[in-house]
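J.: Residues 24 to 381 (this note's numbering) make up the sequence shown, in order.
First, the structure itself, so that you have it in front of you.
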Amino acid sequence: MYNRLLKLFMPLTAITILLLSCSKSSDNQRTTNPPPTDTTTTVTPPVNTKKWIVSTVAGSGAQGKADGDSINASFWYPTFITIDPLGNLFVSDQQNFNIRKITPGGQVSTYAGRDVSTPTPEYGNIYGLALDKQGNLFDVEYSLIRKITPALDNSVFAGGLLVSYKDTVGAYAAFNVIYSMAIDKDDTLYLPDYDMSGYPHIRKVAPDGMVSTLNLQDNTGYQDIDGPNHYYLFSITVDRDRNIYKTSNGSNLIKKITPDGNVTVFAGAGEARFSAITGMVTDSIGNLYVVDIGNGAIRKVTKDGTVSTIAGTGEQGFADGEGSQAKFNYPSGITISKEGVIYVTDAGNNRIRKIEYK
C-alpha cells in the first residue's frame, strides 16, 4: 500500500518541484535584471521661419506709360488689379486710361484702353476689374461696366453715361457712383453704388447683364458713410461661399453680408482698427487681405476676425524686403493667385508689388 502511494505521489512531487523552480527562476530574474531603459526621444517641433516678403513685379517708379520688361515699364497711378488662372495680371492704369497686362515672365503691354482702341463711349478713368471663367474682363468706369472679350472686342455690359439708379438689363440699367467690383464663382458681379443718401446700395449684375439691388438687413448701428468724399473708397469682395465683405463707416470698418442678406460687423470695430480701406480679396480658405491705405499697410483678417499686419511700416515710401520693413506709397488694389501669392497696386510709387509667404 505504501509503495503504491509513493509511486502516485512521486509524479506530483516532481511537478511541484518544477513549478517552484520556475517561480524561483522568475523571482531571480525580476530581482537581478534592471528595469528596461526608456529610450524614447522627445522631438522638438521645427520652428516656423517663413516670413512675408515684398518684391516689385513691374514698374520703374517713374510716372509714364511705357510697355516692355518689368524693370523699364512705367505706369501712372495704377489702381485696381486682377489675375487670371495662368498668372497674367491685369492692371487699371488709371491716369493713362488704359488696362495693362503683365505676363508671369514680367512683360508689360497695353491690353485695352484709349491707346489701343476708340470705342463709343471712349474709355474713362478705369477702376474696378474682374475676370469671369470665359476670360472676359470687366471694368468699372464711374457709372458703367465695360466688357472686354479675349478677342479684345468691347462693349458696355451694364449702365451708361447717365448717372442715375435703375434696375433692369444691360445698358438700360443705371448706376450712380460705382468704384470697386467683385465676382463670385458663378460669374455674378457685385458693386457698391453710392447715391449720396449715406448708404450705398449693393448692386448685383447677373451673367446675362440683369442688374438688381440686394435686399439687406443691417442692424449693426454703423452708418456706411461719414464724410462727403468717402464713397470713392468703398471696397467689396466675395468669398467661395458667396459671403460679401464691404467697407463701411468711412471705409474704416468691414461688414459681412451673408447670401440671405444678413449684415454683421466683421472687423474694425474692436481693438484692431483701419484707416481707409481701398481694396480687399479673400483666399481659398476664407482669409481676407485688406489694403489699408491710411496706414500704408496690407492687413490680414482671419475667418474669426483676427487682424494682423503682413506688410508695411505705416510710413509712406518705397522699400522691398521683409514685410515688417517694406514700404508703400498709397497702395490701392489687391488680388491673389491660386497659389496664394498676393499682388498689390502701389499707386503712389507707380509700381506693382508682390507679397509671398516664404
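Cβ coordinates follow ideal geometry from the N, Cα and C atoms, glycine included.
Keep in mind that this is a model prediction, so the values were computed, not measured.
Return the bridge partner residues of residue 75 from the DSSP annotation.
T.: In the DSSP output, where bridge partners are listed per residue, residue 75 has 380.
J.: Out of 171, 339, 226, 369, state which residue places its alpha-carbon closest to the alpha-carbon of residue 142.
T.: Nearest of 171, 339, 226, 369 to residue 142, Cα basis: 171.
J.: My parser needs the beta strand (DSSP E) runs of 3 or more residues fully inside the region 118 to 146; what are they?
T.: You should have 121 to 125, 131 to 136.
J.: From residue 48 to residue 67, what does the alpha carbon distance come to, in whole angstroms?
T.: The predicted position of residue 48 is uncertain, since its pLDDT is 43 and thus under 50; a value taken from the coordinates is nonetheless stated next. The straight-line gap from Cα to Cα measures roughly 43 angstroms.
J.: Sorted by chain position, which residues of the same chain lie with C-beta nearer than 7 angstroms to residue 217's C-beta, five sequence neighbours on each side aside?
T.: The residues are 199, 200, 223, 254, 257.
J.: For residue 46, which residues from the same chain have a beta carbon less than 8 angstroms from its beta carbon, with the 5 sequence-adjacent residues on both sides left out?
T.: Note that residue 46 scores 44 on pLDDT, short of 50, meaning its location in the model is unreliable and no value can be drawn from it.
J.: Expressed to the nearest angstrom, what Euclidean distance is found between the alpha-carbon atoms of residue 284 and residue 122?
T.: Roughly 33 angstroms separates the two Cα atoms.
J.: What do you reckon, are the CB atoms on residue 96 and residue 110 nearer than 9 angstroms?
T.: No, the Cβ-Cβ distance between residue 96 and residue 110 is not below 9 angstroms.
J.: State the DSSP-derived secondary structure class of residue 194, mapped to helix, strand or coil.
T.: Residue state, collapsed to three classes: helix.
J.: Checking 9 angstroms against the spacing of the C-beta atoms, do residue 371 and residue 100 come in under that value?
T.: A contact, by the Cβ cut-off of 9 angstroms.
J.: Quick test of your reading: residue 302 and residue 326, contact by CB under 8 angstroms. State the CB separation rounded to the nearest angstrom.
T.: Going by Cβ atoms, the distance from residue 302 to residue 326 rounds to 19 angstroms, so no, they are not a contact pair.
J.: Whose C-alpha, out of 270, 235, 137, 176, is nearest the C-alpha of residue 192?
T.: Of the listed residues, the one whose Cα sits closest to residue 192 is 235.
J.: Which stretch, first to last residue, makes up the beta strand (DSSP E) that contains residue 101?
T.: Note, residue 101: beta strand (DSSP E), 101 to 106.
J.: Please name the residue in 331, 294, 298, 238 whose C-alpha comes closest to that of residue 271.
T.: Among 331, 294, 298, 238, the Cα nearest to that of residue 271 is on 298.
J.: Between the Cα of residue 202 and the Cα atoms of 210, 166, 237, which residue gives the shortest distance?
T.: The shortest C-alpha separation from residue 202 is found at 166.
J.: Using the beta-carbon count (16 or more within 10 Å), is residue 242 buried or exposed?
T.: By the neighbour-count rule (16 or more Cβ atoms within 10 Å), residue 242 is not buried but exposed.
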